[in-house]
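S.K.:
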Amino acid sequence: MNKLLAQDKQPVAAAPAEKPRAGAVKPVPEDALILIPMRNTVLFPGVISPVTVGRQGSVAAAQEAVRSERKVGFLLQRDPQKNDVGPNDLYWVGTAGQVVRYITGGEGAHHMVVQGQSRFRALEFLEGWPFLVARVQYIETPEEMNPEVEARFLQLKSQAVEAIQLLPNAPEELAVVVQGLTSPTMLADMVGNLLDVKLEDKQALLETFDLKKRLDRVLAMLSERVGVLRISKEIGDKTKKEFDERQREHVLREQMRQIQKELGEDEDSGAELAGLKKQIDEAGMPEDVHQHAAKELKRLQRMGEGSAEGSMLRTYLEWLAELPWKDEASRPIDIAQARQVLDEDHYGLEKIKKRILEHLAVRKLNPTGKSPILCFVGPPGVGKTSLGQSIARATGRKFQRIALGGVHDEAEIRGHRRTYIGALPGNVIQALRRAESRNTVLMFDEIDKLGQGGFHGDPSSALLEVLDPEQNSHFRDNYLGVDFDLSKVMFITTANMLDTIPGPLRDRMEIIQLPGYTEEEKLEIAKRYLVKRQLEANGLKSADKAIEDFVLGDDVLRAIIGDYTREAG
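Basically the numbering used here = 1-based index in the sequence shown + 35.
Quick look at the structure:
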């Protein structure tokens, strides 16, 4: 409904129409009616409506009707875009009315106020006038107030009043006018005129001559519009309530801030923000990142930390400030010491150690070069993870491990966007924050068990950017929203098998196979490392005491290896 009943169409006192000058036109027969085609208006009986005409024929018709004080018939065009219309371009049922006011405006526009009086049907169009003329049959609807009509009349009146109450800008006296109507015909035409429906539907209502059917048709259209108005009002009330709650929260927080200021507690918050600003300034961020952080800090100062958004913004700034942005001087790689560390931690694996030392030697000769990513492949227990720890110890770097087994969400690698509640950076950024350094050995463990792409994105594709030396200097975590340089990180991966590693990911890594140990190697590993650890773990040997009588001979160890440990590792 087009602001149903929102336009206050109160009856206009009939003023003497200003008689315009017209050319010589032969008189219109008394049994004929002057017609004006309407583009987008359906006039109903009993309704007073403004009408503007501009086409030559319509202006001539209006002027002749005013000059001769004749009624005018208004017919709806079938095609509102058509200018030159004839009988076949019009609906033949319309409303006859009286011009109660006529005003000539600028730019050729002629304005009228017309009062609809009765329905009519065109019977025969006549020729010989510069406007449309037709013989018509007037259609009167008898006012019969039987029980069926009365029931529909009361229902329509009730729904019309409800519609008025649902409209925010409807005048209050409009409901009183509707309540005071006693004519079902007048009520149906009045509501039909003001309903926001298609012109074809209004025309169909105008052509419904049976009063009961007309009331049914208006009730159906009004019920639909009332349903829409109810939903619209619910949405408006909900929006207003949420806005009022936000305003109330803002006022309360401002009052609380003033109270805290009076109590001296506001100084603590200011000190915390000052500390955060100092932390950001000293973090060594790139210029663009620092400008972004300073801008977000100003937002936080304006909104306060008490709001939910303020709390999330503070957490975000703390993440930015605590990341290792500064370039650190890495410790020179000592190949001899690296060999010693590898021998201390692992027995055998000579080819593997040799390749690791070659890798470290290349990094020593060209620290800024783009070295390949090492991928240790072998069965469980052969020392893949401990090799990564040994490399970290040999190079003087911190060690961080990220388990990829079962990871199926891209956000685990690239982080969640800040729009989500509880959002955090990905595991890569979290690991570097824990390490407090970019010169870190970062191990992706069990890369072969990484989940494939699905509803939550493809984590293997996200990992490509991390491991690719051409891209990882500008790695962008979804949570941070700024570039972070990963080129200083030494990446190592491990896997049990190669078959399940995606091809593009495998191409970026250098595969180093770790075979299982022979019985002699297992015996030597047990004697050098495992027995001593188990003695200490079970309290049989410590720094201040030892049980000398407890000895595991080679034959016992061989029996354990042969009968109980047939695994590769």
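Heads up, the beta-carbon is just placed ideally off N, CA and C, and yes, glycines get one too.
Short of 8 Å in beta carbon distance, which residues of its chain neighbour D378, apart from the five on each side in sequence? Order them along the chain.
M.R.: Excluding five sequence positions before and after D378, the CB atoms of its chain that fall closer than 8 Å to its own CB belong to K388, given in chain order.
S.K.: Buried or exposed for H509, please, with buried defined as at least 16 other CB atoms from any protein chain shown within 10 angstroms of its CB.
M.R.: exposed
S.K.: Among S472, A97, P460, G404, which one has its Cα closest to the Cα of Q435?
M.R.: S472
S.K.: Under the DSSP definition of a beta bridge, which residues are partnered with R260?
M.R.: According to DSSP, which records beta bridges pairwise, R260 is partnered with nothing at all.
S.K.: Note down, in chain order, each residue of its chain lying with its Cβ closer than 6 Å to the Cβ of A223, except the 5 sequence neighbours on either side.
M.R.: Closer than 6 Å at the Cβ level, and outside the excluded window around A223, lie R249, L250, V253.
S.K.: In terms of residue numbering, what span does the beta strand (DSSP E) encompassing E433 cover?
M.R.: Inspection of the sequence shows that residue 433 is occupied by Lys rather than by Glu. Where K433 is concerned, the enclosing beta strand (DSSP E) stretches over 433–438.
S.K.: Excluding sequence positions up to five away, which residues of its chain have a Cβ less than 8 Å from the Cβ of E197?
M.R.: Here the set comprises V261.
S.K.: Roughly how many angstroms separate the alpha carbons of V94 and G81, rounded to a whole number?
M.R.: Using only the alpha carbons, I get a separation of about 23 Å.
S.K.: Measure the beta-carbon distance from D512 to I464 and round it to whole angstroms, keeping in mind my assumption that it falls under 8 Å.
M.R.: 5 Å
S.K.: Touch check for the region 451–471 and the region 412–427: three-plus C-beta pairs under 8 Å?
M.R.: Result no; under three Cβ-Cβ pairs closer than 8 Å.
S.K.: Less than 7 Å between the C-beta atoms of P460 and Y382, yes or no?
M.R.: No, the Cβ-Cβ distance between P460 and Y382 is not below 7 Å.
S.K.: When DSSP labels each residue in this structure, what does F166 get in the three-state scheme?
M.R.: coil
S.K.: Applying the criterion that 16 or more other CB atoms from any shown protein chain within 10 Å of the CB defines a buried residue, is I370 buried or exposed?
M.R.: exposed
S.K.: Since I believe I391 is in contact with I448 (beta carbons under 8 Å), could you give me their beta-carbon distance rounded to a whole number of angstroms?
M.R.: 26 Å between Cβ atoms; not a contact.
S.K.: Measuring CB to CB, does L311 end up less than 7 Å from L352?
M.R.: Their beta carbons are under 7 Å apart, which means L311 touches L352 by this criterion.
S.K.: Can you give me the C-alpha to C-alpha distance between A356 and A343, rounded to a whole angstrom?
M.R.: 20 Å
S.K.: If we ignore side chains and look at the alpha-carbon of each, how far apart do I368 and N474 end up?
M.R.: 12 Å
S.K.: Name the one or two DSSP bridge partners that G129 has.
M.R.: In DSSP, G129 forms a bridge with F155.
S.K.: Does DSSP put A530 in a helix, a strand or coil?
M.R.: strand
S.K.: Which residue comes first and which comes last in the alpha helix (DSSP H) that contains S84?
M.R.: Element bounds for S84: not the alpha helix (DSSP H) but the beta strand (DSSP E), 83–88.
S.K.: So is M532 buried or exposed if we call it buried at 16+ other beta carbons inside 10 Å?
M.R.: With fewer than 16 other CB atoms across the displayed protein chains lying within 10 angstroms of its CB, M532 is exposed.
S.K.: Could you check the C-alpha separation between I270 and W164 for me, to the nearest Å?
M.R.: Roughly 55 Å between the two C-alpha positions.
S.K.: Which complete beta strand (DSSP E) runs does the region 539–565 hold, if anything under 3 residues is left out?
M.R.: 544–548
S.K.: Using DSSP bridges, identify the partner residues of R511.
M.R.: D518
S.K.: According to DSSP, simplified to helix, strand and coil, what is Q290?
M.R.: helix
S.K.: Starting from the C-beta of G215, find all residues in its chain whose C-beta is less than 8 Å away, skip the five residues before and the five after it, and write them out in chain order.
M.R.: There are no such residues.
S.K.: Less than 7 Å separating the beta-carbons of S153 and Y173?
M.R.: Here S153 is near Y173, since their CB atoms are less than 7 Å apart.
S.K.: Tell me whether Y137 is buried or exposed, calling it buried when 16 or more other Cβ atoms sit within 10 Å of its Cβ.
M.R.: buried
S.K.: Round the Cβ separation of M256 and L230 to the nearest angstrom and send it over; I've been treating them as touching at under 8 Å.
M.R.: 5 Å
S.K.: If you draw a straight line from the alpha carbon of R56 to that of E235, how long is it in whole angstroms?
M.R.: Note on R56: pLDDT 46, under 50, position unreliable in the model; the coordinate value appears next. For R56 and E235, the distance between alpha carbons rounds to 36 Å.
S.K.: Could you check whether the region 438–446 touches the region 478–485, counting it as contact only if at least three pairs of C-beta atoms, one from each stretch, sit closer than 8 Å?
M.R.: yes
S.K.: Please check the pair S495 and L565, which I expect to be a contact at CB under 8 Å, by giving their CB distance rounded to whole angstroms.
M.R.: About 36 Å separates the two Cβ atoms, so there is no contact after all.
S.K.: Closest by CA to N204, which one among L264, T176, R337?
M.R.: L264
S.K.: Taking its Cβ as the centre, do 16 or more other Cβ atoms sit within 10 Å of M180, making it buried, or is it exposed?
M.R.: exposed
S.K.: Quick one: what does DSSP say A210 is sitting in, helix, strand or coil?
M.R.: In the structure shown, A210 sits in a helix (DSSP, three-state: H, G or I).
S.K.: Can you look up I138 in the DSSP assignment and give me helix, strand or coil?
M.R.: strand
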